[in-house]
Structures are given as C-alpha cells and as structure tokens.
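Here's the structure we're looking at; comments come further down.
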Amino acid sequence: MNVAQSLLVVLFAPLVSAAVIGLFLRRQGVLASYLSVGAAAVIAGFSWIAWSGAQGETAAVSFSWLKVGQLQIDLGFLFDGVAATMLLMVAFVGFLIHVFSLGYMKTDKARARFFGGLSIFMFSMLGIVLADNLIMLFIFWELVGFSSYMLIGHYMETNAAKEASKKAFIVNRVGDVGFLIGIVYAYWQFGTTNLTEMGAIAGLHPEMLNWFVAGCLLCGFIGKSAQFPLHVWLPDAMAGPTPVSALIHAATMVAAGVYFLIRIAFLFTPDVLTFIAWLGTAVAVYAGFCAYAQNDIKRILAYSTLSQLGYMAAAFGLGYPGIALFHLITHAFFKALLFLGAGSVIHGCHHEQDIFRMGGLLKRMPLTALTFLTGLLALCGVYGLSGFYSKDGILIAGSLENPAIFTLLCGGAFLTAGYMGRLFWIAFLGSPKSEAAEHAKESPLVMTVPLVLLAVLSVIGGMTWLWPDTLGGLILADLDHLHHMEGYKAAHKNVLLFGSAAWVVGLAVSFFFYGAGAREDRLEKLAGPVYGFLQKRLWFDEIYNFYVAKIQQRLADLLSFFDIFLLKGVLIRGSAGLVGLFGLGAKQLHVGSLHSYVYWFLGGLVAFWIVATGLLF
Amino acid sequence: MNEILAEFLRGYTATNQWLAILPEILLALLALSLLAVEMASPKAARAQVGRVAFYGQLFILAVCLIGCFTGPATTGAEPLFSGMIEQSGTTQFMRVFFLLCSLFVSYLGGIYLERQPLARTEFHHLVLLVAAGMMLLVQSAHFVMLFVALETVTVAFYVLVAYGRNSVGSLEAGLKYLIMGALSSAILLFGIVLLYGVAGNPALAASSSDSLQYSALAEFISLHDGNLLVRLGALLVVAGICFKIGAVPFQIWVPDVYQGAPTPVTSFLAVASKAAGFVVLLQLVQGPFAGLGALLVPVLSIVAAVTILFGNCAAVVQGNLKRLMGLSGIAHAGYLLLGVIAVASGVAWAEGAVLFYLFTYLLGSFAVFAVMTFAAGTDDTDQQISHYQDFAKEQPFLGGVLAIGLGSLAGIPPLGGFIGKLFLFIAAFQAGLYGLLGVAILGVVISIYYYFGWIREAFFSHYNETVPTKTAILPSMRDRLLLGFLAAASLLLGLYPAALSLLP
Chain S
8 MNVAQSLLVV
18 LFAPLVSAAV
28 IGLFLRRQGV
38 LASYLSVGAA
48 AVIAGFSWIA
58 WSGAQGETAA
68 VSFSWLKVGQ
78 LQIDLGFLFD
88 GVAATMLLMV
98 AFVGFLIHVF
108 SLGYMKTDKA
118 RARFFGGLSI
128 FMFSMLGIVL
138 ADNLIMLFIF
148 WELVGFSSYM
158 LIGHYMETNA
168 AKEASKKAFI
178 VNRVGDVGFL
188 IGIVYAYWQF
198 GTTNLTEMGA
208 IAGLHPEMLN
218 WFVAGCLLCG
228 FIGKSAQFPL
238 HVWLPDAMAG
248 PTPVSALIHA
258 ATMVAAGVYF
268 LIRIAFLFTP
278 DVLTFIAWLG
288 TAVAVYAGFC
298 AYAQNDIKRI
308 LAYSTLSQLG
318 YMAAAFGLGY
328 PGIALFHLIT
338 HAFFKALLFL
348 GAGSVIHGCH
358 HEQDIFRMGG
368 LLKRMPLTAL
378 TFLTGLLALC
388 GVYGLSGFYS
398 KDGILIAGSL
408 ENPAIFTLLC
418 GGAFLTAGYM
428 GRLFWIAFLG
438 SPKSEAAEHA
448 KESPLVMTVP
458 LVLLAVLSVI
468 GGMTWLWPDT
478 LGGLILADLD
488 HLHHMEGYKA
498 AHKNVLLFGS
508 AAWVVGLAVS
518 FFFYGAGARE
528 DRLEKLAGPV
538 YGFLQKRLWF
548 DEIYNFYVAK
558 IQQRLADLLS
568 FFDIFLLKGV
578 LIRGSAGLVG
588 LFGLGAKQLH
598 VGSLHSYVYW
608 FLGGLVAFWI
618 VATGLLF
Chain P
66 MNEILAEFLR
76 GYTATNQWLA
86 ILPEILLALL
96 ALSLLAVEMA
106 SPKAARAQVG
116 RVAFYGQLFI
126 LAVCLIGCFT
136 GPATTGAEPL
146 FSGMIEQSGT
156 TQFMRVFFLL
166 CSLFVSYLGG
176 IYLERQPLAR
186 TEFHHLVLLV
196 AAGMMLLVQS
206 AHFVMLFVAL
216 ETVTVAFYVL
226 VAYGRNSVGS
236 LEAGLKYLIM
246 GALSSAILLF
256 GIVLLYGVAG
266 NPALAASSSD
276 SLQYSALAEF
286 ISLHDGNLLV
296 RLGALLVVAG
306 ICFKIGAVPF
316 QIWVPDVYQG
326 APTPVTSFLA
336 VASKAAGFVV
346 LLQLVQGPFA
356 GLGALLVPVL
366 SIVAAVTILF
376 GNCAAVVQGN
386 LKRLMGLSGI
396 AHAGYLLLGV
406 IAVASGVAWA
416 EGAVLFYLFT
426 YLLGSFAVFA
436 VMTFAAGTDD
446 TDQQISHYQD
456 FAKEQPFLGG
466 VLAIGLGSLA
476 GIPPLGGFIG
486 KLFLFIAAFQ
496 AGLYGLLGVA
506 ILGVVISIYY
516 YFGWIREAFF
526 SHYNETVPTK
536 TAILPSMRDR
546 LLLGFLAAAS
556 LLLGLYPAAL
566 SLLP
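Protein sequences, first through last, are from chains S and P.
Numbering-wise (my numbering), the first sequence opens with residue 8 and increments by one.
Numbering-wise (my numbering), the second sequence opens with residue 66 and increments by one.
Structure follows, in structure tokens:
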C-alpha cells in the first residue's frame, strides 16, 4: 500500500464511521462508540504506515475535482514533513481522547451523536492537515467549524451550551469572511491556490507578496485559533463535553490556525510577521491575566490555551515557524493531558467544575492528580519536560530578535505558573470542600490509561534527539538555526535563568498567596476591584454584545421592515401573483383541441419563416 | 458489366464496418428474439419476457461500455457506411445514455404492465427498437440517415404513447402525437429538401452531388449563409427538432401527450427523445449549420427565453403531475438551449456541459418517474399533487428518492442537477449571453416553487381531510437497488462532478 492510499484510508475511515453512525446507529450508543474508536485506531495505524512509507520524502497527489473552462479545482494531499508531524500528533492524541471518551461519556444519553460528531471532526481535521490547496483547506476549515459547533452544543438542554455553540460558530464566521476574501485574492494574484505552486511563485517573485493577502488569510487564523479580537468564543466553548474541549479546543482544531500559518508561511511579509508576533504576545499576556479571575477548572485551562496559542503565534511572527510547530506539538500533548485530567476530576466529582468546591483530590484521585501535575509542570516549562524545550526555543528566539517581546513572554511564563499553581493548590490539596469532592473516586482504567500515556508524551515529547530522522525536519532546522546565531549562548543562559525563575516564583507565589486547598479567592477578597477588572476581561464580551444589541439589531430591524413591506409584500407576493397569472394564461392555451394545436404549430412556422427572410435580423 | 457492378459495390461497401454498430444490431436482435420467446414459451412463462429484455439490455450496456473504454474503433475521422454514420466520443456516450434510458423504461414498464391488462412483449420490443433508432439518430452524419432513424423512433413512439388501449387518455394522446409528429416530420423533411435542392444546384459554388452529407453541406452553407433557401431550410430543420425537444412555439403537444401516455413512456419521451433532439441540434450547429451562427443564435436565444418562461410559469399552476413534469421538461429544454447557443457562439466546451446536464436530467427524471410509477393508481393519467399527502411518512424510501430527484431537477446543491446548471450557466456567461442568463436564473427560481410544492406535499402535509386511497406499491429489494442507484448517482455527481469526465 503506497502513501497516497494509506492517506485515503486515514481520511475516509472517520467519514465512513460518521456516516454509518448517522444512518444506522443513532440509537445504539455502545456500537457507535466502538465504531468511532475503531475508526480512530485505524487513523492512528494508517497514519503510522503513511509516515513510515513516505520515509521523509514529500508525497503530493492531487486529482481534478471540478473543471470549468479555465477554472480548475483540485483535491489533493501535500504530505511533507510538517504534515506528517501534525498528522501523527492528531492521530495519536485523537485516538487517546476517543478512548478516554468511552469512559467519560458512558452514561450519556446521546452517545451516538457524540461519537458521530467526533468522527466527523476527525475527518474534517485530517482534511485540513492533508489539504494541498486553499480551497480544499477552506472546505475542511468550515467542516471543523461545523463539528465544533455540533459538539459544543452537545448538552443541548442547557442554555449555556446552546449559546456557546452559537457564539463559536458566529465568531468563527467573522474570521472566515476574511479568509475567503484572502483565497479569492490569492487565486487572482497567483492563478492557483495550490500550496506548492504558490510557494514556488512566491519564491520567484517576492514582489508579488503584499500585506493584504497575508492579512486576509490571517483572519482565518485569528478566528480559528481564538486570537485577539476574536478570542471570546473559546472560554465559552468549554460548555461542551470535556473530551471535546481536549480534542478540539486545545490539542487540534484551535492549533489548526497555527498549522495553517505554517503551511502558508511563504506568503508573509516582514511587517505582517511583526504584527503577528505582537498579536501573539499580547494574547499570551492578556489571557494569562484573565485566568486569575476564573473558578471553573475548564475555563482556567481555556485561558491557558489562549495564552499558549499566543506563544505559538509569537514564535511564528518572530520568523520561526518550526518552533511554533514544536510548541504546537508539545502543547497538544500536555494540554490534552490537562483537559483529560480535568475531565477525570469532573467525572470523579459528579460534574462539579468549580475549583473552590474541590480540594483534597490528590489523595482521592492520585493517578489523575499526578498525571495532571506532570502536564502542569510541562506547561510551566520545568526543565527537561516537553514544554521546556519548545518554550525555551520561543524565548531564545524572542531574546535574539526582539527583547521587548522576550520580556513580555517571560512575564507570561510567570503568569502561567501562577494561575496553574492556583488551580492545583486549591483543587488538589487541602481537604474536600463539597459533598461531591468528598466522595470523589479514581476514574476507571479506560480513562486513566490515556492519561498515563499522555503524561509520558508530555515528558519525552520535547526531546528532539529521541525523534526519528524523518520527523520534524522543519522544527530541527529552526532550532539549528537558532543555535548558530550570534549571541545564542548568552541568550540561552538568560532564558534558562529567567524561564526557570518564572515557574519557580510563579508556583511559589501562588502557593503562599492562595494557600493549599483555599476555600475562597484571596485576590477577590484583598483586591476586589483588580479581581473584578480581570473578570471583565477588558469588556470584550460587553462591547460585542452592545454592538450586536444596539447597532446590528437596529439595522436588522430596519432591514426586516423593508423585508416585510417591500420584499414580502410587494416583490414576492406581487411576482408570485404575476407568475401565477402567466401560468393560468399558459394553461388556457392547452385547450386539448387538436385543431388549435395545429394552428399554434403553423403560427410558429410562420414566425420562423419571417425570420428566415431576414426581415427581423 | 457484372464486374463493374461488383467493383462499384465493393467500393461502396468498403466503409461498411458492421462491427461499429454492434450495439444497435444486438438491440434489434434482442427485440426480435423477444417476439420469438413469446411465441415459443407457454402463456404462464410470458412474464419472463421482461426479464429477458432487462438482462439482455444489461449485456448490451456492458458491450457498449467495453467499447467505450477499449477505445472506439473509429474516432470520427473516418466516415462509416459511405458517410452515413460518424462516431465520436459524444456518440459513444449517448449510446450508453440511451441504453440506460431504455433499461429504466423497460424496468418501469414491467411494473406498469403488472397493473394493466395489456400485452407485455410488444412494449419491450418497441422500447428496444426506439433505443436502437436513437443510437443511430445521434450517429448519423447524413440527412437521409437522420430522417430514417428519426422516423423509426417516432413511429415506434406513436404505438408506445397509445399503448394503454384501455385508457381513453392514452389513445387520445397517441392520436395527438401522431398528427403533431407527422406535421413536424413534414416540416423537417421540407427543410431537408430545400437544403438538398439548393446545395445540389450546380450553378452555385461548392455544390455537391451528395449534398445531404453533413460535411459537404457545411462547406456549401459556409459560402452561402445569406441565401434565402439555405436560411429557410435550416430554420425548418431546426423547427422539426424544436418539436422533439419541446421548445416554444412547438411545445403545445407536450402536456397532453405526457399526461396520456403510460408513465414509463412519458419518462422515455421526456428524457431520451429530448436528449436525442439536443444531440442532433448540437451536431447541426457544429457541423452543417456552423456558418449560420448569425441567424441561429438570435433565433434560438428568443426560443430559449420564451421556452424557459413559458414552461416554468405554466408548471406553477399545474396540479397534474404528469403535465407538470412535461411543462417543467419544457423549461429544462430552455436551459439546455443555453448550452447549444453557447456552442453556436463559439464556446466549444459547452457541448460537454449539455451532455452533463442531460445525464443529471436522466438521473433526476427517472428517479421522479420511477416513484410516480410506484405511486400511481390504476388510472395512470390521474396523478395529482394531492395524492402525495403524507407520502414520505408511509413510504420513506420512495419519499427520499423523490426528494433527491426533484432536488436535482430544481438544481439544489449538492446534487448533480446543480452542477449541471452551473456548467450551463458558466458556458452561457462565457458566450456573453447575459440577458438569457438572467431569464434562466429567474426560471430556476420559479421552478423551485413547484418542485418544492411537491416535496412539501410529500413531507410536510398535516391536513388529512380527504384521505386518498393509497395505491402505492411497496418497492422490492431489486427496485430499491435501482432507485438507490439513481439517487446515489445524483448525489455523487453533485459532490464529484469529475466522475463523468465530459468537459475537456
């Protein structure tokens, strides 16, 4: 089996699974869940086969999907080193999350819908990873948007889930408008949307690059990766089931925005790159602050995700797409681990999500707590763990390229350690603060085994010397580039010093400030206005709500008025009446009498005859 | 003397490659063997005739497909039968097209005949002959061949339309079709004769002794595009074809005949007969009438615009489903004319767009007609929209196929009909037919009204004041396979249009 065939299996296995579940297994949750997990296993297996079959070579296949005159739309795979790295990550993390879901969703009534949704999501996500042109990428981009919408709204009986899914969908559309304009513009400019061909053209004619097309395509990233100012949907999206948050809103889909940037890295001009670097840095710091005012375990992690996506964007903006990809991969490991750990906690505490109503979980759920701690340390960048290596790369890049960004990102690392420490000390130490936490029990094996495996990956995932030669070429190249830069040694020492100080101080300060197993938020008590300010998150939601309620709604009302009176009343009714009148007239012509038909026929003939004589034209 | 004659005949028959028309010969043999089977077998076993016809056609379809994929023996460069027949990729495609049509028609005919006290064998026999005739019709490169093939088809159709001898409607439709058809044949023949006369006139440049051969005629017409007789002859020929495709002002027979004919025959008329007319028209505007673009483009444009508006407007107020299908079929002919006009204006790939549209039209139409055949009561002419109340609830499978078929006809993505319309409209756009394009889009909007009215009736009707007697037959597993194929193919062509690689 060659690479292309394995990739086809990888892409279509989840689609088949989703179709079978949708058509036949809607009421058979157990079968549906096994089918979906089976599909995830097939994806993982065949991803491995495809990767080992490619042997580090780039495999590109494409076939014509639609051809009209000069316009041709191809569908195809571009399976290079970046795609292979991403594919393996998505496949394996996805598989572990599927297995975890077996336990987590065991008692859910709509299991079939959930697992069908997961399969649809895997199909869409793999399509993004493999797509070789912008149009195909956009199709799958919208499909992940749809599956995300579907899965956030899984608990559709709760209002929060309904609102959150709607919000995620609409906010993403805002970004996608820009994305679509960017695709059209890119096609107009380059005459193709194929990534390889565009790259070749851009390499030959650097003067064709401009900020506009890059900026438009950037909008897609901003929407999907929840960057400033479209970040508002991600925290709310936590209303979905926790495995969904782990898979879609931490490890894969939100990171797809960064992956997309890496795929089209050749389109970016220096000024746009600088913009992205500052954008990412701003989000990294902003989200870090916001996390302090959250009590919901998942929302804290959501802000952490925002912040880490900011780090990736910063790395990309500084000119190191490989390091952005590196952080994307390690982040996927430890953030999936943290979310699944949170899921295990929520499962153990009977759907309690407030950290101030937990406490003492280290004793009651030791395996969950220890794996969670591993993920937490990896996130903070503790020496030797996966997060250390990738964050280290970003910080070194920052200190070499832009000291201001470096300083801010170090601050961000400190904030990260602080809010993660707050979470851990309060939720896992001390004594239980609610009935639910009192009776918390360790989760079953089907949930803890994925946790352990992810913990192992979180530890060793950053050790690039363990990686096979054919993986992560771009990552190694960028790291190597850093190594050979002037001032690397000093920068490395700096980063080691400041980076380590950030997590040590962050964890220590949060421990002494909040205290193990605290019952209430000390920050809220001591500095209420500050806490309130952080809780408001710079009033983004309020501003958007104001815009929607006061400006957009007014406009919509006005349009609705026109719609009802002008369109519906005059145009639609009127034209429908007119068509009906014509129709009645036409009906009258069919009298059924052969005589009149013959005359009708002869009339037509006369008309043709007159035309033939050239009297008319 | 004998030797001279032999020499002449040898020269004459050198191009008679009988293998090139193997599918047509096989069809004719199959048709004859059906009659033999009926005579030979006992009365109880006569139900087998339908099966023989069905599997025989499947076999011939396989032969045709093998012929398509192993490369045609001739690539159109070499005229066969002394220039009577020319084969090309298009004609190979149309062979498969017509075979698919006759396959569905004889299958649906079997279902129809189960409910009627009528003879079976002759029905299948005639269907096969019509298919063979149409296959020859689209391959003809000579007006004599064209006329003979056309008459073979038409005469067989007269009988088929009047096949429901027990129904007054069918007999009346047969008579109407006979008279109108004869009239149109006469007009067509008149046009041919005018062309023959003028192109055979030795006083004019490029005249030919074989002036009905397409290539000879093309050469003549390109020099004499202002000649009145040429213009008149060409327009009369076009008028004769307009009758076949049901374009205004020669569409008036359509609703009555469609309503009266047995439903399978209606589907045959709607799909195959129309498709044959369009392919002939395409060949004419690319071949002999290529020099008459300045005359034909405006004429066909007016015809297309009026046809689209007339068909759609008349269909809106129509309650009888067979008439509705006929009137909406008129509108489809209008859309297809867009493609023909685009070809005549120089957009060569529009031919592929027309063929693609015809194929999606085949899939959509047969899906709808098949459901109608299953749902029809004993009175085949009386099929009203109101009979479809709660149809989807009682027959979810048929309801689904109906929805996909109607959706494809209406041009709703992601179904094949949408892509078909898209291709046609892009072709029209490239040909600069902006006004016509506007009319066509208006027509599509109107068509959604009546197509969805039908779907609404089948899926969303909740008022049950007059419960009509339910007469729908439950489809068997084999029926489901066939119907499922139609629906799935519509969907496939919508999602992956390149599955039918017709566009260059």
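We put the CB at the ideal spot given by N, CA and C, even for glycine.
1. Distance, Cα to Cα, G494(S) vs C417(S)?
2. From this set, H238(S), G367(S), P250(S) and Y162(S), which residue's C-alpha is nearest S314(S)'s C-alpha?
3. Roughly how many angstroms lie between the CA atoms of A272(S) and W432(S), to the nearest whole one?
4. So, under 8 angstroms CB-CB, V368(P) and A492(P) are touching, yes? Tell me the CB distance rounded to an integer number of Å.
5. So T92(S) and L332(S) are supposed to be a Cβ contact under 8 angstroms. How far apart are they, rounded?
6. Starting from L238(S), trace the alpha helix (DSSP H) in both directions and tell me its first and last residue.
7. Which residues, in order along the segment 590-605 of chain S, keep a beta-carbon less than 9 angstroms from a beta-carbon of chain P?
8. Roughly how many angstroms separate the alpha carbons of L551(P) and Y177(P), rounded to a whole number?
9. Confirm, please, whether the CB-CB distance from A407(P) to A312(P) is below 8 angstroms.
10. Go ahead and pull the three-state DSSP assignment for T218(S).
11. Is the Cβ-Cβ distance between A291(S) and G382(S) less than 8 angstroms?
12. Going residue by residue through the segment 379-414 of chain P, where are the continuous beta strand (DSSP E) segments of at least 3 residues, counting only ones entirely within it?
13. Between the beta-carbon of V261(S) and the beta-carbon of L316(S), is there less than 8 angstroms?
14. Quick one: which residues of the segment 233-261 of chain P get their C-beta closer than 7 angstroms to a C-beta of chain S? List them in chain order.
15. Please confirm if the segment 382-399 of chain S is in contact with the segment 499-509 of chain S, defined as three or more CB-CB distances below 8 angstroms between the two stretches.
16. Is the Cβ of K74(S) closer than 8 angstroms to any Cβ of chain P?
17. Could you check which residue in A138(S), N217(S) and G152(S) has the C-alpha nearest to that of P277(S)?
18. When burial is assigned at 16 or more other CB atoms within 10 Å of the CB, is P478(P) buried or exposed?
19. Would you kindly report the start and end of the unbroken alpha helix (DSSP H) that includes T156(P)?
20. First and last residue of the alpha helix (DSSP H) that includes Q495(P)?
21. Can you pull the chain S residues whose beta carbon is under 9 angstroms from the beta carbon of L215(P), in chain order?
22. Please report how far the alpha carbon of Y426(S) lies from the alpha carbon of G295(S), in whole angstroms.
23. Count the C-beta pairs between the segment 403-422 of chain S and the segment 465-482 of chain S that are closer than 8 angstroms, then say yes if the count reaches three, no if not.
24. Which residues of the segment 490-524 of chain P have a Cβ closer than 7 angstroms to any Cβ of chain S? Give them in chain order.
25. Could you tell me which residues DSSP pairs with F70(S) in its beta bridges?
26. Buried or exposed: L357(P), going by 16 or more other Cβ atoms within 10 Å of its Cβ?
27. By how many angstroms is the C-alpha of S273(P) removed from the C-alpha of A281(P)?
28. Would you kindly check if the distance between the Cβ of V17(S) and the Cβ of F70(S) is under 8 angstroms?
29. Would a check of beta-carbon distances place V618(S) closer than 8 angstroms to chain P?
30. Please report the Cβ distance between V170(P) and F333(P), rounded to the nearest whole angstrom; I am assuming they are in contact, meaning their Cβ atoms lie under 8 angstroms.
31. Given that W318(P) touches chain S, what residues does it touch there, using C-beta distances under 8 angstroms?
32. Whose C-beta lies closer than 7 angstroms to the C-beta of L386(P) among residues of the same chain, with five residues either side of it excluded?
33. What residue range is occupied by the uninterrupted alpha helix (DSSP H) comprising T80(P)?
34. Sort I69(P), L94(P) and M149(P) by Cα distance to N81(P) and report the nearest one.
35. Give the C-beta separation of F346(S) and L308(S) to the nearest angstrom, bearing in mind that I take them to be a contact with Cβ-Cβ under 8 angstroms.
36. Could you pull the start and end residues of the alpha helix (DSSP H) that M143(S) belongs to?
Considering the structure as presented:
1. Answer to the nearest angstrom: the Cα atoms are 18 angstroms apart.
2. The shortest C-alpha to C-alpha distance from S314(S) to any of H238(S), G367(S), P250(S) and Y162(S) is the one to H238(S).
3. Spanning the two alpha carbons is a distance of roughly 41 angstroms.
4. A492(P) and V368(P) do not touch by the CB rule: their CB atoms are close to 17 angstroms apart, not below 8 angstroms.
5. About 7 angstroms; that satisfies the 8 angstroms criterion.
6. Here the sequence assigns His to residue 238(S), which means Leu is not the residue at that position. Careful: H238(S) lies outside any alpha helix (DSSP H) and carries neither H nor E.
7. Against chain P - using a Cβ distance shorter than 9 angstroms - the residues of the segment 590-605 of chain S are G590, L591, G592, A593, K594, L596, H597, G599, L601, S603, Y604 and V605.
8. Roughly 19 angstroms separates the two Cα atoms.
9. With contacts defined by Cβ atoms closer than 8 angstroms, A312(P) and A407(P) do not form a contacting pair.
10. Per the sequence presented here, residue 218(S) reads as Trp, with Thr not at that position. Here W218(S) carries a helix assignment [DSSP, helix/strand/coil].
11. The Cβ atoms of A291(S) and G382(S) do not sit closer than 8 angstroms to each other.
12. DSSP runs (the beta strand (DSSP E)) wholly in the segment 379-414 of chain P: none.
13. With respect to the 8 angstroms criterion, V261(S) and L316(S) are classified as neighbours on the basis of their beta carbons.
14. Along the segment 233-261 of chain P, going in chain order, the ones with a CB nearer than 7 angstroms to a CB of chain S are K241, I244, M245, L248 and I252.
15. Result yes; three or more Cβ-Cβ pairs closer than 8 angstroms.
16. Taking 8 angstroms as the CB threshold, K74(S) lines the interface with chain P.
17. The alpha carbon of P277(S) has as its nearest neighbour, out of A138(S), N217(S) and G152(S), the alpha carbon of N217(S).
18. Per the 10 Å Cβ criterion, exposed.
19. It spans G154 to E179 - the alpha helix (DSSP H) in which T156(P) sits, taken as one unbroken run.
20. Start and end: G481 to Q495.
21. Close to L215(P), with beta-carbon spacing below 9 angstroms, lies no residue of chain S; the smallest spacing is near 17 angstroms.
22. Using only the alpha carbons, I get a separation of about 8 angstroms.
23. Here the segment 403-422 of chain S makes no contact with the segment 465-482 of chain S; the two share fewer than three CB pairs at distances below 8 angstroms.
24. Under the 7 angstroms Cβ criterion, the segment 490-524 of chain P contributes I491, Q495 and I511.
25. According to DSSP, which records beta bridges pairwise, F70(S) is partnered with L82(S).
26. Residue environment analysis places L357(P) among the buried positions, since at least 16 neighbouring C-beta atoms fall within 10 angstroms of its C-beta.
27. If you take the alpha carbons of A281(P) and S273(P), they lie about 7 angstroms apart.
28. Contact check for F70(S) against V17(S) fails: the beta carbons are separated by 8 angstroms or more.
29. Taking Cβ atoms only, chain P reaches closer than 8 angstroms to V618(S), which makes this a yes.
30. Indeed they touch by this definition, with Cβ atoms about 5 angstroms apart.
31. Here the neighbours are Y604.
32. The residues are M437, Q448, Q449 and I450.
33. Per DSSP, T80(P) is not a residue of any alpha helix (DSSP H), being assigned neither H nor E.
34. If we check each option's Cα against that of N81(P), M149(P) comes out closest.
35. Between F346(S) and L308(S) a beta carbon distance of about 6 angstroms is seen, short of the 8 angstroms cut, so the two are scored as contacting.
36. The continuous alpha helix (DSSP H) containing M143(S) extends over residues L141 to I159.
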